[in-house]
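K.L.:
Under the numbering used here, the residues of the sequence shown are numbered 118 to 701, in order.
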Amino acid sequence: MPRTTQDRATAPSRTKHDHKAVAVDLIRRGLRLARAEPRNVAFDVFSAVAGNYSGLGERNLCVVGKTMRRFVIPSVDLLSEALATVAALLIRDNFETSIERLEGFAPYLLVTLIVAAPVNALLGISRTLWRFTTIADCQRVLAATVATTCGTVVISFWVNRLDGVARALPILQALLILFVLVGMRAALRVWCSARDRPTAPAVAPRCKGKTVLVVGVSTLTDLYLRSVAEFAPERVNIAGLLARHGRHTGRALNRHPILGTCEEVAEILRALEVHGVTVDRILVVDAFERLSAEAQGALLSVEKSMGIRLEFLTEQLGFEAPSRFAARGADWRPPSAEGAAAFSFPAADLAALARRPYWRVKRALDIVVALWLLVFLAPLTLVVAVLVALDVGMPVVFWQRRPGLGGRPFKLFKFRTMRAAHDAAGRRLADADRLSVIGRLLRRMRLDELPQLYHILVGEMSFVGPRPLLPADQPALYAARLIVRPGLTGWAQVKGGRLVSPADKAALDVWYLKNASLALDLKIILKTPPMLILGERANNAAVHRAWRELRQAGICSARDLAGSKDVSVRDVSGARLTDGDMRP
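Below you can see the structure in the form of structure tokens.
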């Protein structure tokens with residue numbers, strides 16, 4: 118029956134009265150049960166609570182439970198870091214400390230926790246499943262440890278000049294934090310692996326398992342071996358592994374021995390027969406095209422002469438081998454269309470480009486500078502976040518999926534600069550109405566891109582490189598620009614930016630990756646502030662030079678240099694701000 122206005126008015130008081138009655142009843146029942154059967158008090162009281170509150174707060178209890186579980190792992194990480202910090206102090210003082218010493222150390226410990234909380238959340242070390250911890254997860258823990266320690270040292274030095282903190286303490290603190298965080302994850306993974314390891318069956322299997330010789334040693338091999346151990350230990354017997362290089366012979370992967378190289382497959386099969394092992398099939402895990410000509414010939418000869426079936430794991434999974442650059446030993450060339458630009462790299466040139474020592478130097482510089490800027494610009498980042506919150510509301514950041522190094526997608530974070538796309542009545546707003554004065558200023562000064570320092574720190578971006586485009590704006594014709602990490606600024610930005618055509622921008626980016634050096638990166642960085650202050654200006658000479666040198670090197674094709682002049686510069690003075698460029 119519908120509730121009247123009076124019922125609604127009196128409902129809160131009656132609900133409050135019911136809660137009091139339930140509480141009194143629970144206390145009485147608890148005392149009575151305690152006198153009768155003390156050991157069953159907890160269970161009975163819990164049952165009473167569940168029964169009385171099932172209709173009143175079941176949903177709220179569920180929400181509270183989920184919220185508590187969400188903060189368990191971050192709290193465990195923070196507690197572990199706190200204990201590791203205290204342990205570092207005790208070890209440094211040779212376990213001879215005092216209450217006064219601990220009180221003087223409290224500010225440093227507090228700063229450690231204040232810095233660690235956002236760093237752990239930013240790097241996402243608490244979101245991973247510990248039982249499936251990987252090397253990449255450990256690398257994130259290492260990055261979080263370094264960032265936490267450096268941030269703590271900088272802030273503590275700024276606050277009290279590291280008063281009472283020994284010089285060796287931060288180093289010892291970082292080592293202990295890394296050991297504790299990685300050790301907990303590794304221990305849980307080992308424990309779960311031992312717990313989930315299948316036991317021997319009570320009866321013999323009904324059918325004889327197939328014996329497989331695996332060709333290739335890679336991450337895919339490791340995944341296949343673990344899948345066999347998990348799902349088909351009785352049906353698939355691994356005779357051993359064959360590697361592409363002789364230096365792996367005699368070693369093991371997941372307790373399976375590496376018997377030799379692919380070229381020695383015939384001798385290895387005969388040796389296995391002597392030991393009573395008959396191989397039913399050979400499974401090629403590596404891309405067949407990556408094997409040497411001798412290895413391919415040996416495998417095909419064994420299939421023909423011995424009648425052993427040759428299978429390919431990539432075909433069984435339903436896809437070809439990963440088409441990485443120069444993976445098939447041929448020239449890397451994106452698909453081209455009529456009248457459009459395309460860029461191709463010979464395999465030898467591409468391999469030499471990937472092995473350039475400068476990329477390692479550049480990555481090291483990116484880590485150091487990004488870490489320093491994250492700490493130094495933290496107050497500015499906080500101010501920008503507050504301005505965005507007051508201007509466009511929460512959340513203050515948004516993300517877009519962009520293609521990164523090698524075309525692998527990643528989430529690009531930026532500060533919001535545009536208000537909601539619809540007003541209160543549901544009408545769609547024009548982009549000019551959504552962009553405020555503060556948002557326009559943040560875009561002009563590129564302050565909305567401050568969160569991208571995080572991407573540089575974790576290796577998804579660099580300070581200098583081709584700008585990451587939206588997937589819709591990144592055609593396969595210009596995929597060559599994805600050979601290097603995308604950057605905050607780049608050669609194409611300081612030589613035209615949005616004032617040049619996509620083809621010319623791609624040519625400038627490809628020219629950069631071919632000529633990248635520390636001097637060129639410094640030149641781009643020095644040209645970026647004038648570009649931010651004075652605006653973008655198209656440099657036709659740089660565009661012309663890029664096309665000419667790429668053509669001379671045989672990298673660009675299907676493009677007439679004279680034709681590029683017609684589309685090198687476009688007027689964007691009246692261009693509309695697209696919602697795809699900056700979608701909050």
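In this text, a Cβ means the ideal position worked out from N, Cα and C, and glycines have one as well.
1. By the three-class DSSP mapping on this structure, what secondary structure does L400 have?
2. Start and end of the beta strand (DSSP E) containing W516?
3. From E432 to I399, what distance separates their C-alpha atoms?
4. Write down every uninterrupted run of the beta strand (DSSP E) in the stretch 522 to 598 whose length is 3 residues or greater and which is fully enclosed by it, in chain order.
5. Between V419 and V478, how many whole angstroms is the CB-CB distance? I'm expecting something under 8 Å.
6. Helix or strand or just coil, what does DSSP make of F493?
7. Can you give me the start and stop residues for the beta strand (DSSP E) that A360 sits inside?
8. Taking Cβ to Cβ, would you say A502 is nearer than 7 Å to V492?
9. Name the two residues that bound the continuous alpha helix (DSSP H) containing L702.
10. Among all the DSSP beta bridges, which residues are the ones paired with E428?
11. Given this structure, state the Cα-to-Cα distance separating F527 from R257, to the nearest angstrom.
12. Put G300 into one of helix, strand or coil per three-state DSSP.
13. Here's the rule I'm using: 16 or more other beta-carbon atoms within 10 Å means buried, otherwise exposed. How should N371 be labelled?
14. Provide the residue(s) that pair with T229 in DSSP beta bridges, ordered along the chain.
15. Which term fits Y475, buried or exposed, when burial requires 16 or more other beta carbons within 10 angstroms of its beta carbon?
16. With the cut-off set at 7 Å, would you say M535 and R551 are in Cβ contact?
17. Could you give the C-beta distance for V396 and I355, rounded to a whole number, given that I count them as a contact under 8 Å?
18. Where does V344 land, buried or exposed, given buried means 16+ other C-beta within 10 angstroms?
19. Report yes if the CB atom of W608 is closer than 7 Å to the CB atom of L594, and no otherwise.
20. Does any C-beta atom of chain B lie closer than 7 Å to the C-beta of L470?
21. Among A655, A658, Q610 and G510, which one has its Cα closest to the Cα of A640?
22. Nearest by alpha-carbon distance to L430: which of R284, Y341, L416 and Q591 is it?
23. Whose CA, out of G357, I600, E390 and H392, lies closest to the CA of L376?
24. What three-state label does DSSP hand K327 in the structure shown?
25. Where does the unbroken alpha helix (DSSP H) through T708 begin, and where does it stop?
26. Where do the N-terminal and C-terminal ends of the alpha helix (DSSP H) with T245 fall, by residue?
27. Let me confirm a value: T336 is counted as buried when at least 16 other C-beta atoms fall within 10 Å, else exposed. Which label applies?
28. In whole angstroms, what separates the C-alpha of N656 from that of C267?
29. Going along the chain, which residues of its own chain have a beta-carbon closer than 7 Å to the beta-carbon of R248, five neighbours each way excluded?
30. Are there 16 or more other CB atoms within 10 angstroms of the CB of P588, so buried, or fewer, so exposed?
31. Can you tell me the Cα-Cα spacing of G363 and L630, whole angstroms?
P.N.:
The structure says:
1. DSSP places L400 in strand when its eight states are reduced to three.
2. Element bounds for W516: V514 to P520.
3. Going from the Cα of E432 to the Cα of I399 covers about 14 Å.
4. Those beta strand (DSSP E) runs which fall completely within the stretch 522 to 598 and span 3+ residues are 526 to 532 and 579 to 581.
5. That pair is no contact at about 46 Å.
6. Shown here, F493 sits in a helix according to DSSP, grouped into three states.
7. Residues V353 to A360.
8. Not in contact: A502 and V492 (Cβ atoms no closer than 7 Å).
9. This structure leaves residue 702 out entirely; the chain is present only between 118 and 701.
10. In the DSSP output, where bridge partners are listed per residue, E428 has L400.
11. Their Cα atoms are separated by approximately 16 Å.
12. In the structure shown, G300 sits in a helix (DSSP, three-state: H, G or I).
13. So N371 ends up on the exposed side.
14. Per DSSP, none; premise fails for T229.
15. Burial call: exposed.
16. Against a cut-off of 7 Å, the Cβ pair of R551 and M535 comes out as a contact.
17. Contact between V396 and I355 is absent: CB atoms are separated by about 10 Å, not below the 8 Å threshold.
18. Checking the sequence, you will find Ser at residue 344 rather than Val. When all chains shown are included, S344 counts as exposed.
19. Annotated as distal: W608 and L594, with beta-carbon spacing of 7 Å or more.
20. Absent from the structure is chain B; it holds one protein chain and no more.
21. One point to set straight first is that residue 640 is Lys, not Ala, in the sequence displayed. Among A655, A658, Q610 and G510, the Cα nearest to that of K640 belongs to Q610.
22. Out of R284, Y341, L416 and Q591, Y341 has the C-alpha closest to the C-alpha of L430.
23. With respect to the C-alpha of L376, the residue from G357, I600, E390 and H392 having the closest C-alpha is G357.
24. Looking at K327 - three-state DSSP - the assignment turns out to be strand.
25. Nothing about residue 708 can be read from this structure; the chain reaches only from 118 to 701.
26. Taken as a continuous stretch (DSSP letters only), T245 belongs to no alpha helix (DSSP H), as it is neither H nor E.
27. T336 is exposed by the Cβ-count criterion.
28. Their backbone Cα atoms lie some 41 Å apart in a straight line.
29. Closer than 7 Å at the Cβ level, and outside the excluded window around R248, lie L305, R306 and C309.
30. When all chains shown are included, P588 counts as exposed.
31. The alpha-carbon atoms of G363 and L630 are separated by roughly 35 Å.
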